[in-house]
Amino acid sequence: MSDTTYNLASLLEDSAERYPDREAVVLGDTRLTYAQVDGVANMVANLLVSRGIEPGDKVALSCANLPYFSMIYYGILKAGATVVPLNILLKGREVAYHLGDADAKAYFCFQGTPELPIGQEGYAGFQAAEGCTDFFMVTVDPAAASPIEGTESFGQAISGQPGTFETVATDEGDTAVILYTSGTTGQPKGAELRHCNMRDNALAGEALFGADAERPDTYLCVLPLFHSFGQTVIQNGAFAYGGTVVMLPRFEAGPALMTMLSEKVTFFAGVPTMYWGLLGALDPTVDVEEIARNLRVAAAGGSALPVEVHKDFEKKFGVTILEGYGLSETSPVASFSPYGEPVRVGSIGTPIPGVEMKLLKPDTWDDLEGGDDPEHAVGEIAIKGHNVMKGYYQRPEATEEAIQDGWFRSGDLGRRDADGWYYIVDRSKDMIIRGGYNVYPREVEEVLMTHPDVSLAAVIGVPDPSHGEEIKAVVILNDGATVTEEELVAWGKEQMAGYKYPRQVQVVSALPMTATGKILKRELS
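Note that the sequence shown covers residues 93 to 617 in this note's numbering.
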């Protein structure tokens, strides 16, 4: 049965009703209460309905960590539509693909600044998207006197819209958000996450972190909100318990430390490179003891946290980092180090309440049998529970391949100790994790091969001290080609998002291959 309590927007609405004057979002000198955020979200919902957006329609959003993200995100949900958050680093051609693949009916895009030039790329993608004649684009930039030509500013769009709105009732199984992920290969696929997937994962904050609306946390938001980690653990998790989200549009270790100090941040979540950056930015001007007095929770995910970083952070800040694991397809949290229990360094913890995990034999759906040494048996991690996605949008074959009997196979290899704590061992496919971002070699390879001088390309991840992994392309050039390795790096930077393009390019005369013609990437380095 449809019910507004199933709508993910109820997280904002409930807190706005209970704590209207409590600060919800902070950005520099901008401080917005729950009542204010909810009011603007209502104006966004009214705008969408007035433009013909219907329940179930897809609405895309490109925006940095700014209050506009939250107001638009919940406004889309209030209208009964589906939010399609886009990576703000995408280039125009990539934006066009996502808009078309998601069947988006509207697009909100931050107009951008010299530091965050999202708007021009977004507009290029908006123009290039095929079959998108019913799109409308709103540029979100309070400082822009006039938006990009042919678009409409956010202020103009919501001007005159009522500040109240009756949220559209949704079924808990309706799609709330589509998060794009390549899984392990090919073009990005949209993971359809239900209202119940996202809501229950946010409400897990009580069990995972001791979240309490009567003692609300102050969250530092440096994880990108378009990503599932920041969206669920920070934004939705904070709003579910009346917390305050302090936003930084981009992560810089020094400013992050100063903000943790000035805003008395109690909750920090980040990928390992962020913790590495915070430790590297410490100097005598940073009052570490004061930051440590305020900091209650430190959570890590996205990739494996180096043991030395774990130890150093606890020594400096007096807080043990809690590690977890999840994917876009699991809303995202699947396992976490149990709150209040001693941490097992290197472990991703145990399944969160309402979620099961198990290990599978490689390339099968059969359960792994540990034999004589069950604690060291390695299998592919599978996940089942309230957090597992509905499926990949308009990709039934990919969905059937990924989910069987409610179990989602992650593509990650792991082991489980005698107490049920899980450990990531490796990735079963070729996916690269650079600074917490998933990079899919085939997508990069296909772009590289559009260069007129490139005949064949193989993309791999190589160890990197700051990003965990760096992207390297090994290419064969066409006969007579004159392009240099440096020129290919520069060209890739123009064609792909900043976290995707290869920083290293090596030109070779041949690539190692199997008898069937498959490239042996394990022989590349």
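Glycine included, C-beta positions come from ideal geometry on N, C-alpha and C.
### Query
Quick one: any contact between the segment 495 to 502 and the segment 399 to 413, if contact means 3 or more CB pairs under 8 angstroms?
no
### Nearest neighbour of Pro112, chosen from Ala101, Ala490, Leu124, Val118 [CA to CA]
One-based indexing of the sequence shown puts residue 112 at position 20. The option with the nearest alpha carbon to Pro112 is Leu124.
### Message
Could you pull the DSSP bridge partners for Asp459 from this structure?
### Response
For the purposes of this step, residue 459 is taken as residue 367 along the sequence shown, with counting starting at 1. In DSSP, Asp459 forms a bridge with Leu452.
### Message
Would Pro280 and Asn138 be called neighbours here (beta carbons separated by less than 8 angstroms)?
### Response
What you label residue 280 is simply residue 188 of the sequence shown in a count that begins at 1. What you label residue 138 is simply residue 46 of the sequence shown in a count that begins at 1. Against a cut-off of 8 angstroms, the Cβ pair of Asn138 and Pro280 comes out as no contact.
### Query
Taking DSSP as the reference, what is the three-state secondary structure of Phe318?
Here residue 318 refers to the residue found at position 226 when the sequence shown is read from its first residue. DSSP places Phe318 in coil when its eight states are reduced to three.
### Message
Just to confirm my understanding: we take Asp556, look at its own chain, exclude 5 residues before and 5 after, and list those with CB closer than 6 angstroms. What are they?
### Response
Here residue 556 is taken as the residue at index 464 of the sequence shown, counted from 1. Excluding positions up to five away in sequence, the list reads Glu562.
### Task
Please name the residue, chosen from Val338, Asp511, Ala573, that lies closest to Pro434 on a Cα-to-Cα basis.
Locating residue 434 in the sequence shown gives position 342, counting from the first residue. Ranking the options by Cα distance to Pro434, first place goes to Asp511.
### Message
Quick check: what's the CA-CA separation for Glu355 versus Tyr529?
### Response
Numbered from 1 along the sequence shown, position 263 holds the residue referred to as residue 355. Numbered from 1 along the sequence shown, position 437 holds the residue referred to as residue 529. Between Glu355 and Tyr529, the C-alpha separation is close to 27 angstroms.
#### Entry: Nearest-angstrom beta carbon gap, Leu419 and Val470 [assumed within contact, 8 angstroms]
Counted from its first residue, the sequence shown places residue 470 at position 378. Counted from its first residue, the sequence shown places residue 419 at position 327. No, Val470 and Leu419 are not in contact; Cβ-Cβ is about 18 angstroms, not under 8 angstroms.
### Message
Please report the distance separating the alpha-carbon of Val357 from that of Tyr593.
### Response
Counting from one through the sequence shown, the residue named residue 357 turns up at place 265. Counting from one through the sequence shown, the residue named residue 593 turns up at place 501. Going by the C-alpha atoms only, they are around 34 angstroms apart.
#### Entry: Near the ligand NAP: Ile145 beta-carbon under 7 angstroms from a heavy atom
Absence of the ligand NAP is noted for the structure shown, with no ligands found whatsoever.
### Task
Just grab the DSSP bridge partners of Ile473 for me.
Numbered from 1 along the sequence shown, position 381 holds the residue referred to as residue 473. DSSP, once it has assigned bridges, lists Leu451 as partnering Ile473.
### Task
Look at Lys183 and Asp149 and say whether their C-beta atoms are less than 8 angstroms apart.
Here residue 183 refers to the residue found at position 91 of the sequence shown. Here residue 149 refers to the residue found at position 57 of the sequence shown. Not in contact: Lys183 and Asp149 (Cβ atoms no closer than 8 angstroms).
### Query
What's the C-alpha gap between Pro159 and Glu207?
Your numbering for residue 159 matches position 67 in the sequence shown. Your numbering for residue 207 matches position 115 in the sequence shown. Cα-Cα distance, rounded: 17 angstroms.
### Query
Who are the Cβ neighbours of Ala474 in its own chain at under 6 angstroms, not counting the five residues just before and after it?
Within the sequence shown, numbered from 1, the residue matching residue 474 stands at position 382. Answer for Ala474: Lys450, Leu452, Trp499, Arg501, listed in chain order.
#### Entry: Under the three-state DSSP convention, the category Arg614 falls into
As a position in the sequence shown, residue 614 is number 522, starting the count at 1. Here Arg614 sits in helix by DSSP.
### Task
Kindly indicate the opening and closing residues of the alpha helix (DSSP H) around Arg534.
For the purposes of this step, residue 534 is identified with residue 442 of the sequence shown, where counting begins at 1. Start and end: 533 to 540.
### 8 angstroms Cβ cutoff met for Glu577 and Val597
Here the question's residue 577 lines up with position 485 in the sequence shown. Here the question's residue 597 lines up with position 505 in the sequence shown. Taking 8 angstroms as the Cβ cut-off, Glu577 and Val597 qualify as a contacting pair.
### Message
Quick check on the DSSP output: the alpha helix (DSSP H) that includes Tyr431 runs from which residue to which?
### Response
By 1-based counting over the sequence shown, the position of residue 431 is 339. Premise fails: Tyr431 is in no alpha helix (DSSP H) and is neither H nor E.
### Query
When we look at the beta-carbon of Ala173 and count the other beta-carbons within 10 Å, is it buried (16 or more) or exposed?
Stepping through the sequence shown from its first residue, residue 173 is reached at position 81. Buried, since its Cβ has 16 or more Cβ neighbours within 10 Å.
### Host beta strand (DSSP E) of Val554 (start-end)
One-based indexing of the sequence shown puts residue 554 at position 462. 546 to 556 is the extent of the beta strand (DSSP E) around Val554.
#### Entry: Runs of beta strand (DSSP E) lying entirely within the segment 146 to 217, each at least 3 residues, in chain order
150 to 154, 174 to 177, 196 to 202
### Message
Could you tell me the alpha carbon to alpha carbon distance between Glu472 and Val187, rounded to whole angstroms?
### Response
For the purposes of this step, residue 472 is taken as the residue at position 380 of the sequence shown. For the purposes of this step, residue 187 is taken as the residue at position 95 of the sequence shown. Answer to the nearest angstrom: the Cα atoms are 32 angstroms apart.
### Query
Looking at the unbroken alpha helix (DSSP H) that takes in Val581, where does it start and where does it end?
Stepping through the sequence shown from its first residue, residue 581 is reached at position 489. Val581 -> alpha helix (DSSP H) spans 577 to 587.
### Query
Which word fits His468, buried or exposed, when buried means at least 16 other C-beta atoms lie within 10 angstroms of its C-beta?
By one-based count along the sequence shown, residue 468 stands at place 376. Label assigned to His468: exposed.
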